[in-house]
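Enquirer:
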């Protein structure tokens, strides 16, 4: 190689390719997050009145209503359920890839 560090060329290629791939994935994730944050949820105020809000407007301590088949917009604590025993079933496929239903109780 005549004293020239030839390993820099393939190493640079690998690093630049990896950086471009990571940047593309970050851009896709940001677009997906923005789209998800614009979805609507039903928030319940102190007078127990329902109002529709964007997911991005939910803050810690907010009460929100989730109906059967809806996605949960944030981490949530089950306070009540319409089932007679106060339970519900949650699918966490978006979080951990598991498609089985997990039983949660209030």
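Numbering (the working numbering), first residue to last: -17 to 88.
The C-beta atom is built at its ideal place from N, Cα and C for all residues, glycine as well.
#1: Which residues mark the beginning and the end of the alpha helix (DSSP H) in which residue 3 is found?
#2: Taking the straight line between their C-alpha atoms, what separation do you get for residue -9 and residue 8?
#3: Would you call the CB atoms of residue 62 and residue 40 closer than 8 Å?
#4: Who does residue 23 pair with in a DSSP beta bridge?
#5: When DSSP builds the beta bridges, which residues end up paired with residue 83?
#6: Going by beta carbon distance, what residues of the same chain come within less than 7 Å of residue 88, once the five residues before and after it are set aside?
#7: Suppose you measure from the CA of residue 54 to the CA of residue 21; what does that come to, to the nearest Å?
#8: Pick out whichever of 18, 35 and 17 has its Cα sitting closest to the Cα of residue 25.
#9: Beta-carbon of residue 64 versus every beta-carbon of chain D: anything under 8 Å?
Expert: Quick look at the numbers:
#1: Looking up residue 3 in the chain shown gives position 21. Start and end: -10 to 19.
#2: Taking the first residue of the chain shown as position 1, residue -9 is located at position 9. Taking the first residue of the chain shown as position 1, residue 8 is located at position 26. Going by the C-alpha atoms only, they are around 26 Å apart.
#3: In the chain shown, residue 62 corresponds to position 80, counting from 1. In the chain shown, residue 40 corresponds to position 58, counting from 1. Going by C-beta atoms, residue 62 is not nearer than 8 Å to residue 40.
#4: The residue labelled residue 23 in the question sits at position 41 within the chain shown. Answer is 35, bridged to residue 23.
#5: Against the chain shown, residue 83 aligns to sequence position 101. Paired residue(s): 73.
#6: On the chain shown, residue 88 is found 106 positions in, with the first residue counted as 1. Same-chain partners within the cutoff: 60, 61, 62, 63 and 68.
#7: Here residue 54 corresponds to residue number 72 of the chain shown, with the count starting at 1. Here residue 21 corresponds to residue number 39 of the chain shown, with the count starting at 1. When rounded, the separation of the alpha-carbon atoms in residue 54 and residue 21 is 11 Å.
#8: Here residue 25 is taken as the residue at index 43 of the chain shown, counted from 1. Checking every option, the nearest Cα to that of residue 25 belongs to 35.
#9: Checking the listed chains, one finds no chain D in this structure; it contains a single protein chain.
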